[in-house]
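Residue numbers (the working numbering): 7 to 780. Cβ coordinates follow ideal geometry from the N, Cα and C atoms, glycine included.
This is the structure in structure tokens:
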């Protein structure tokens, strides 16, 4: 394996470009570059095309997809044609959950499964069981990636090796895994990777369909399982690893002061008497505190991979690159590169004076997410004015929850604010900042998807007047029945005057556990309106038990007729979704719902097809797993929502203008301006509680995933990816009482370090905080 390490993606890019310029033996072979995300793929495509002039026929697989591909080539066990499920598809979490849901009832009498049955209150089928099956599937998938030795041992009927787990700990999980392997075969990732490594270690010639040259670019971390596969593959093909490393020094042993204190409390390593034998150093405090993920990866690389490192020094010191007066940002990045603890307790490096007008690192505490967006807009406009060479495409803004912040971004940067959020081609005049919002969920991007879930919610509820009218106000449903926006207040007045509150009729109210009274139901109100129109001159008299309401006049009858058609269809679907059904029956019913309740136009056709495809994929996954159970509407809706959450729409990243996107790991693409929004205390690092039965939490290993550590490391990556400016916003004051609120702990650590390592001319004692308020 050829290893190329640098603290700058640009240096790795130059090295990759030189490699790509060398022709392969097969001139038609694709250039295989493994990346961690579509953002890096797009950046690499543009950067290589710009550097080389032409960059054609690339192949950018993700690590797991690439590994599954080469496993099939070497093992010859995946004959599925393109578009068909792979041999290991049954063990993908979205598919595996259906098998688990089918198996849970079969273990109802097994005492090892008592905790599972108790949690389900004996209901081994239904919505709660499906939700549990989904969580179990995700957990077992993590075992396969991060504990392959466990699942391989379970498969053989043995306990997990060197795990420290008791038989009670493994409990029901080991027999469940064996049942899954018996059902689908030993085709899961851990087993196939083990066979793959064995096959490549043999003397047989390498299969001819493997790529002749493979590059793995910009990866900050990989599971040990993947590294073992790449290490084996490197013995047969030309494989280059381009790794981002914050420091040129070996930093696998550095620890934060808190970690050192814990290690000291535990005492020296076994067999040693000298506490100094722990060999713990802090190095740079931010790297020690935030760099746990990268530190583990470096240790795994050194211990388990046979590599030959590039002879060329690819590390770039930001101070040497700046060519101008050192900014606070460049000094900080240089300190991390060289493990300098500026202003530290040992006094090895003096504190750095920074210019009074240095704005390279900014932290803004604001009153609300809307104010964060406004402050960020104002700061960017100021930067553009100060530096004419700076362009919107040089700016990236990342946030932990892009769906939450998207409305505020559009309000602050959108057309109404003169920001042009929907046009990246407009100019910068009159305060406009063209931008794109990427990484939004399907329900945020696709109006049809959100309206479809709203329709399912209405059908599973009490059909209140407000919910039905809100549903009708959705353009893709409103247009289907010929309504216009001006009709909405008229319909609202009719419904209020008719006395409609909730429920279809007396029978529906009885089903909801209420007295079977027709008053204030939809049938009650619609009958009043219809009879009132027919008997307009006899208001006040009862006809067939109905008191007419004289509210509809003349041509408004057409509007009432359309509304009666809409509610009739809605009530019909309500009756058809009340009972539990199989997946195939639900597929037909919901497809019919999409056809009859939503308008088909050039704008909605793609969205409708996207929802149909998602529904079809979900149903196929369940059927392939052999799931035969019946689902309620609520259970199906929950599974469909989780399914589409795994498949967000593509696009928007680096599409012109300022890029707004999700703050996700390994998006360390360099920008002149890097901004982080929403880094409030409690919101970041994001908290994802581990499940009580997740055995990874009980016996951790280097390289294990942790959402907290992932977020801390991506904050460090974002800080090191900024070339000129690094901006952070957070909710720093309560909107109601103006009470001060703390930022994220990682922001607090950054500010503490800045106060210790730097001082301004005006406040040489360093007491001035580097944050500002907005």
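Given residue i as reference, the closest of the options once Cα atoms are compared
{"i": "residue 527", "options": "533, 538, 539, 511", "result": "511"}
{"i": "residue 353", "options": "762, 767, 173", "result": "762"}
{"i": "residue 257", "options": "219, 237, 306, 234", "result": "306"}
{"i": "residue 452", "options": "598, 651, 339", "result": "651"}
{"i": "residue 204", "options": "219, 482, 81", "result": "81"}
{"i": "residue 682", "options": "456, 104, 185, 406", "result": "406"}
{"i": "residue 571", "options": "478, 392, 735", "result": "478"}
{"i": "residue 195", "options": "207, 149, 222, 55", "result": "149"}
{"i": "residue 183", "options": "119, 337, 225", "result": "119"}
{"i": "residue 782", "options": "574, 158, 171, 206", "result": "Given a span of 7 to 780 for the chain in the structure shown, any question on residue 782 remains unanswerable."}
{"i": "residue 469", "options": "607, 741, 579, 251", "result": "579"}
{"i": "residue 737", "options": "726, 728, 750", "result": "750"}
{"i": "residue 192", "options": "178, 181, 161, 539", "result": "161"}
{"i": "residue 133", "options": "587, 229, 252", "result": "587"}
{"i": "residue 664", "options": "515, 441, 332", "result": "441"}
{"i": "residue 595", "options": "605, 622, 610, 607", "result": "622"}
Proximity below 7 Å, CB of residue i to CB of residue j
{"i": "residue 676", "j": "residue 15", "result": "yes"}
{"i": "residue 414", "j": "residue 379", "result": "yes"}
{"i": "residue 347", "j": "residue 290", "result": "yes"}
{"i": "residue 243", "j": "residue 666", "result": "no"}
{"i": "residue 504", "j": "residue 535", "result": "yes"}
{"i": "residue 66", "j": "residue 41", "result": "yes"}
{"i": "residue 781", "j": "residue 198", "result": "In the structure displayed, the chain extends from 7 to 780; residue 781 sits before or after that span and is not available."}
{"i": "residue 412", "j": "residue 446", "result": "yes"}
{"i": "residue 765", "j": "residue 367", "result": "no"}
{"i": "residue 593", "j": "residue 564", "result": "no"}
{"i": "residue 487", "j": "residue 568", "result": "yes"}
{"i": "residue 233", "j": "residue 239", "result": "no"}
{"i": "residue 685", "j": "residue 753", "result": "yes"}
{"i": "residue 46", "j": "residue 247", "result": "no"}
{"i": "residue 635", "j": "residue 30", "result": "no"}
{"i": "residue 13", "j": "residue 313", "result": "no"}
{"i": "residue 135", "j": "residue 99", "result": "no"}
{"i": "residue 552", "j": "residue 525", "result": "no"}
{"i": "residue 221", "j": "residue 39", "result": "yes"}
{"i": "residue 506", "j": "residue 467", "result": "no"}
{"i": "residue 401", "j": "residue 668", "result": "no"}
{"i": "residue 628", "j": "residue 589", "result": "yes"}
{"i": "residue 554", "j": "residue 574", "result": "no"}
{"i": "residue 186", "j": "residue 105", "result": "yes"}
{"i": "residue 726", "j": "residue 339", "result": "yes"}
{"i": "residue 139", "j": "residue 107", "result": "yes"}
Per DSSP, the bridge partner or partners of residue i
{"i": "residue 400", "result": "Per DSSP, none; premise fails for residue 400."}
{"i": "residue 315", "result": "9"}
{"i": "residue 686", "result": "749"}
{"i": "residue 303", "result": "In DSSP, residue 303 forms no bridge with anything."}
{"i": "residue 667", "result": "404"}
{"i": "residue 731", "result": "679"}
{"i": "residue 222", "result": "40, 247"}
{"i": "residue 637", "result": "587"}
{"i": "residue 348", "result": "355"}
{"i": "residue 360", "result": "766"}
{"i": "residue 65", "result": "38"}
Residue range of the alpha helix (DSSP H) that includes residue i
{"i": "residue 328", "result": "324–328"}
{"i": "residue 675", "result": "Note, residue 675: premise wrong, no alpha helix (DSSP H); not H, not E."}
{"i": "residue 858", "result": "Because the chain in this structure spans residues 7 to 780, residue 858 falls outside the shown range and cannot be described."}
{"i": "residue 458", "result": "453–465"}
{"i": "residue 151", "result": "133–152"}
{"i": "residue 103", "result": "99–109"}
{"i": "residue 501", "result": "493–504"}
Delimiting residues of the beta strand (DSSP E) encompassing residue i
{"i": "residue 716", "result": "Per DSSP, residue 716 belongs to no beta strand (DSSP E); it is in the alpha helix (DSSP H), 713–727."}
{"i": "residue 766", "result": "764–766"}
{"i": "residue 442", "result": "441–443"}
{"i": "residue 289", "result": "From DSSP, residue 289 is part of no beta strand (DSSP E); its letter is neither H nor E."}
{"i": "residue 249", "result": "244–250"}
Assumed close pair residue i, residue j - CB separation to whole angstroms, cut-off 8 Å
{"i": "residue 169", "j": "residue 705", "result": "5 Å"}
{"i": "residue 691", "j": "residue 714", "result": "5 Å"}
{"i": "residue 454", "j": "residue 613", "result": "4 Å"}
{"i": "residue 474", "j": "residue 576", "result": "7 Å"}
{"i": "residue 217", "j": "residue 23", "result": "Not a contact, Cβ separation roughly 18 Å."}
Heavy atom of the ligand SAM within 6 Å of residue i beta-carbon
{"i": "residue 99", "result": "Questions concerning the ligand SAM fall outside what the structure shown contains, since it holds no ligand whatsoever."}
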